[in-house]
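A.B. asks: Each residue of the sequence shown is one higher than the one before, starting from 622 at the first, in the working numbering. Note that CB positions come from ideal geometry on N, CA and C, so glycine has one too. Note that the coordinates shown come from a computational prediction; the quantities given were computed from them, not determined experimentally.
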Amino acid sequence: MAIAIALIVIVIASIAFHFLSPWWLTPAASNWGEIDDALTLTIVITGAFFIGINLLIAWLVIRFRHRKGHTSSYQPDNKRLEHWLIGLTTIGIIGLLAPGLFVYAKFVSVPDDAKIIEVVGEQWKWSFRFPGDDDQLGKSSISFVSPGNPLGLDPNDPASADDKIIVSPELHLPLYTPYKVLLRSKDVLHDFNVPQFRAKMDLVPGTVSHFWFTPTQRGTFDILCAELCGVGHFNMRGRVVIEDDAAFGRWLAQQPTFAQTQQPKEAGKVTDLVAMGKTLSEVNGCIGCHSLDGKPGVGPTWLGLYGKTETLSDDTNVKVDDAYLRKSILNASAEIVKGFPSIMPVYQFSDQEVDALIAYIKAISAPPPSGEPTGRNQSEGAE
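This is how it looks when you write it as C-alpha cells:
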C-alpha cells in the first residue's frame, strides 16, 4: 500500500509543479511558434502516459495486493490487453513524431524571398556578414584568415568588396523579414542560439550549415552558444536587436565594407591608436576573455590592468608595463597569470597593431574622474 500511495502522491505533485512552476517559456519572437506547439503536444502526450501508467501501477498494487485466502491465477497471454497496449503506444508515437516532422519540413524549406546573413563563430565570439548592393556574399576560406581579415574573405573575389563586416557581438535585423542564416566555424563546434527565436543550428568546422527564421517581435535578445566549445563557452555571448526597416537601414549603413577594412590604417595620434586597439580587440575576440568592467573572465580583466603587479603561475611578480603587455600579446604562454588557464591563441600582429592594443589597455586602465573608485581597485576587488 505504501508504494501505491507514493505513486499517487508523485502524480499529484508532478501535475501541481507543472501548473504552478514559474519556469515557463518566454514568448516566441519569431515565426517558429509551431515549435512551441510541438513541444506542448509532446508534454501533453508524455504527461498523459506518465499519469496513466503510474495510476495503473498504483491500482494494480492495491487491487492485487497480498491477502490471506487469495491466490493468483496464471494467465500466459491476454489478446485484448495486447491490442490496447499496441494501439495506445502507436497513437502516442505518431502524436510525438508527426508534428515534429511537419515542423522540420518547414524548417528546411527556406522561403524564396529570404535574405542572407552569415554568422561566424570562434572561441569565443560571434561575427556577422551581410551581402552588399550585389546581394551576394563573397567567397571565404580559412587560408585567408589574418588579424586584418578575421572572417577569411577572398580579397580577389569582386563580390567580397561590398560585403558588410560586423565584428562586434551585436547584430541588428529588421522586423518581419525572413532571413536565411549561413553558419560556419573557424575552430570547433558551436551552436547559434537565440532562445526567443526557438530555431537554432550547429556551426560545424569545414562546412556551412543554415537555418531560417522571421523576426516577429521588436526588442533585444541574447545570442548564446548552445554547444560546449571550451573553457570560454559561458562567455560566448552576443545580442540581436530587432527593429523597423528604417532603423536597421541606418545601422547597416554605418557598418564598414570588406574593402574599407582592408585599407591601410594610419594611427599617428594616441586617440587613433586607442580606436584601432578597440577595433582589434573586438575583431580578434580579446574582449570575449578579458572583461572591460572588472568582472572575472577567462583571462585577467583589462580594467585597471596597466601599472598593476601581477602574480605569475610560478609565483613571481611582474609589473604590467609596455614590455610585459607586448610579450603577453605576441607570446601569451610565456608568462601566465596565476589562476588563469593557458588558452590564448597565437596572434600575428604587426608592431603598429600591438602598439594600438597596448594604447587601448592603457586607456581602459586610466583612473575615472575624481570621486569615483579607481579602475585598479575595482579590478583587484573583482579578482
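Checking 7 Å against the spacing of the C-beta atoms, do residue 941 and residue 929 come in under that value?
C.D. replies: In the sequence shown, the residue the question calls residue 941 occupies position 320. In the sequence shown, the residue the question calls residue 929 occupies position 308. Result yes, Cβ atoms of residue 941 and residue 929 sit closer than 7 Å.
A.B. asks: Among all the DSSP beta bridges, which residues are the ones paired with residue 894?
C.D. replies: Here the question's residue 894 lines up with position 273 in the sequence shown. Bridge partners of residue 894: none, in fact.
A.B. asks: State buried or exposed for residue 787, treating a residue as buried only when at least 16 other CB atoms are found within 10 Å of its CB.
C.D. replies: If you number the sequence shown from 1, residue 787 lands on position 166. Its Cβ being crowded by 16 or more others within 10 Å, residue 787 is buried.
A.B. asks: What span of residues does the beta strand (DSSP E) with residue 791 cover, start to end?
C.D. replies: Locating residue 791 in the sequence shown gives position 170, where the first residue counts as 1. Unbroken beta strand (DSSP E) run through residue 791: 791-795.
A.B. asks: If you count every other CB in all the chains shown that lies within 10 Å of the CB of residue 703, and 16 or more means buried, which is it?
C.D. replies: Here residue 703 corresponds to residue number 82 of the sequence shown, with the count starting at 1. Residue 703 is exposed by the Cβ-count criterion.
A.B. asks: Taking residue 846 as the reference, give the member of 923, 692, 762 and 855 with the closest Cα.
C.D. replies: Translated into the one-based positions of the sequence shown, residue 846 becomes position 225. Selected option, being the one with the closest Cα: 855.
A.B. asks: For the beta strand (DSSP E) that contains residue 840, what are its first and last residues?
C.D. replies: Your numbering for residue 840 matches position 219 in the sequence shown. Note, residue 840: beta strand (DSSP E), 840-846.
A.B. asks: Could you tell me the alpha carbon to alpha carbon distance between residue 882 and residue 976, rounded to whole angstroms?
C.D. replies: As a working mapping, residue 882 is identified with position 261 in the sequence shown. As a working mapping, residue 976 is identified with position 355 in the sequence shown. Between residue 882 and residue 976, the C-alpha separation is close to 19 Å.
A.B. asks: What is the residue span of the alpha helix (DSSP H) that residue 713 lies within?
C.D. replies: Start at 1 with the first residue of the sequence shown, and residue 713 comes out as number 92. 700-728 is the extent of the alpha helix (DSSP H) around residue 713.
A.B. asks: Does residue 1000 come out as helix, strand or coil in the three-state DSSP assignment?
C.D. replies: As a working mapping, residue 1000 is identified with position 379 in the sequence shown. Summary for residue 1000: the model assigns pLDDT 32, below 50, so the residue's position carries little reliability, and this model does not support an answer.
A.B. asks: How many angstroms separate the CA atom of residue 814 from the CA atom of residue 860?
C.D. replies: Sequence index remark: in the sequence shown, residue 814 carries index 193 (1-based). Sequence index remark: in the sequence shown, residue 860 carries index 239 (1-based). Computed Cα separation, rounded: 10 Å.
A.B. asks: Determine the closest residue to residue 601 out of 628, 747, 625 and 689, with distance taken between C-alpha atoms.
C.D. replies: Since the displayed the chain opens at 622 and closes at 1004, residue 601 lies outside it and no answer follows.
A.B. asks: Just checking, does the stretch 717-735 make contact with the stretch 758-769 on the three C-beta pairs under 8 Å criterion?
C.D. replies: No, because fewer than three Cβ pairs between the stretch 717-735 and the stretch 758-769 fall closer than 8 Å, the two stretches do not touch.
A.B. asks: What separation, rounded to the nearest whole angstrom, lies between the Cα atoms of residue 780 and residue 669?
C.D. replies: Sequence index remark: in the sequence shown, residue 780 carries index 159 (1-based). Sequence index remark: in the sequence shown, residue 669 carries index 48 (1-based). So the two alpha carbons sit approximately 55 Å from each other.
A.B. asks: Are there three or more Cβ pairs, one per stretch, closer than 8 Å when the stretch 794-804 is compared with the stretch 761-780?
C.D. replies: Contact fails: fewer than three Cβ-Cβ distances are below 8 Å.
A.B. asks: By how many angstroms is the C-alpha of residue 696 removed from the C-alpha of residue 632?
C.D. replies: To locate residue 632, count along the sequence shown from 1; it is residue 11. To locate residue 696, count along the sequence shown from 1; it is residue 75. Going by the C-alpha atoms only, they are around 30 Å apart.
A.B. asks: Would DSSP call residue 641 helix, strand or coil?
C.D. replies: If you number the sequence shown from 1, residue 641 lands on position 20. Residue 641: helix per DSSP, three-state reduction.
A.B. asks: Spatial neighbours of residue 820 within its chain, please: CB distance less than 8 Å, with the 5 preceding and 5 following residues excluded, ordered by chain position.
C.D. replies: The count along the sequence shown starts at 1 and reaches residue 820 at position 199. If we look at residue 820 and ignore the five residues flanking it on each side, its Cβ neighbours are 651, 653, 656, 728, 832, 833 and 834.
A.B. asks: Whose C-beta lies closer than 6 Å to the C-beta of residue 731 among residues of the same chain, with five residues either side of it excluded?
C.D. replies: Here residue 731 is taken as the residue at index 110 of the sequence shown, counted from 1. Here the set comprises 801 and 833.
A.B. asks: Where does residue 787 fall in DSSP's three states?
C.D. replies: For this step, residue 787 is matched to residue 166 along the sequence shown. If DSSP states are grouped into helix, strand and coil, residue 787 belongs with the strands.
A.B. asks: How would you label residue 661, buried or exposed, when you count the other beta carbons within 10 angstroms and need 16 or more for buried?
C.D. replies: Taking the first residue of the sequence shown as position 1, residue 661 is located at position 40. Residue 661 should be labelled exposed.
A.B. asks: Hey, out of 665, 623, 950 and 681, whose CA is closest to residue 716's CA?
C.D. replies: Stepping through the sequence shown from its first residue, residue 716 is reached at position 95. Taking only the C-alpha atoms, the option nearest residue 716 is 665.
A.B. asks: Would residue 646 pass as a contact of residue 678 if the rule is Cβ separation under 7 Å?
C.D. replies: Position 25 of the sequence shown holds residue 646. Position 57 of the sequence shown holds residue 678. It is not a contact, given that the beta carbons lie outside the stated cut-off.
A.B. asks: Specify, as a first and last residue, the run of the alpha helix (DSSP H) that residue 675 falls within.
C.D. replies: In the sequence shown, counting from the first residue as 1, residue 675 sits at position 54. Note, residue 675: alpha helix (DSSP H), 654-684.
A.B. asks: Three-state secondary structure (DSSP) at residue 900?
C.D. replies: Sequence index remark: in the sequence shown, residue 900 carries index 279 (1-based). Helix at residue 900.
A.B. asks: Would you list the one or two residues that DSSP bridges to residue 806?
C.D. replies: The sequence position of residue 806 within the sequence shown is 185, counting from 1. DSSP lists 742 as partners of residue 806.
A.B. asks: Which one or two residues does DSSP pair with residue 737 in a beta bridge?
C.D. replies: The sequence position of residue 737 within the sequence shown is 116, counting from 1. For residue 737, which the question treats as bridged, DSSP gives the partners 801.
A.B. asks: So is residue 667 buried or exposed if we call it buried at 16+ other beta carbons inside 10 Å?
C.D. replies: Within the sequence shown, residue 667 is the residue found at index 46, counting from 1. Exposed.
A.B. asks: If you draw a straight line from the alpha carbon of residue 850 to that of residue 900, how long is it in whole angstroms?
C.D. replies: For the purposes of this step, residue 850 is taken as the residue at position 229 of the sequence shown. For the purposes of this step, residue 900 is taken as the residue at position 279 of the sequence shown. The straight-line gap from Cα to Cα measures roughly 24 Å.
A.B. asks: By Cβ distance below 7 Å, which residues in the same chain neighbour residue 956 in space, the five residues on each side in sequence not counted?
C.D. replies: Taking the sequence shown and counting its residues from 1, the one referred to as residue 956 is at position 335. Within the same chain, residue 956 has close Cβ partners 933, 939, 948 and 949.
A.B. asks: Provide the residue(s) that pair with residue 1040 in DSSP beta bridges, ordered along the chain.
C.D. replies: Nothing about residue 1040 can be read from this structure; the chain reaches only from 622 to 1004.
A.B. asks: Assuming residue 924 contacts residue 913 under a Cβ cut-off of 8 Å, what Cβ separation, rounded to an integer in Å, is found between them?
C.D. replies: What you label residue 924 is simply residue 303 of the sequence shown in a count that begins at 1. What you label residue 913 is simply residue 292 of the sequence shown in a count that begins at 1. Sure, about 6 Å apart at Cβ, within 8 Å.
A.B. asks: Considering only residues of the same chain and omitting the five flanking positions on each side of residue 754, which have a CB-CB separation below 8 Å?
C.D. replies: Taking the first residue of the sequence shown as position 1, residue 754 is located at position 133. Result list for residue 754: 783, in chain order.
A.B. asks: Take residue 915 as the anchor and find which of 986, 823 and 700 has the nearest alpha-carbon.
C.D. replies: Residue numbering aside, residue 915 sits at position 294 when the sequence shown is read from its first letter. Measuring from the Cα of residue 915, the nearest candidate turns out to be 986.
A.B. asks: What is the DSSP secondary structure of residue 974, counted as helix, strand or coil?
C.D. replies: For the purposes of this step, residue 974 is identified with residue 353 of the sequence shown, where counting begins at 1. Here residue 974 sits in helix by DSSP.
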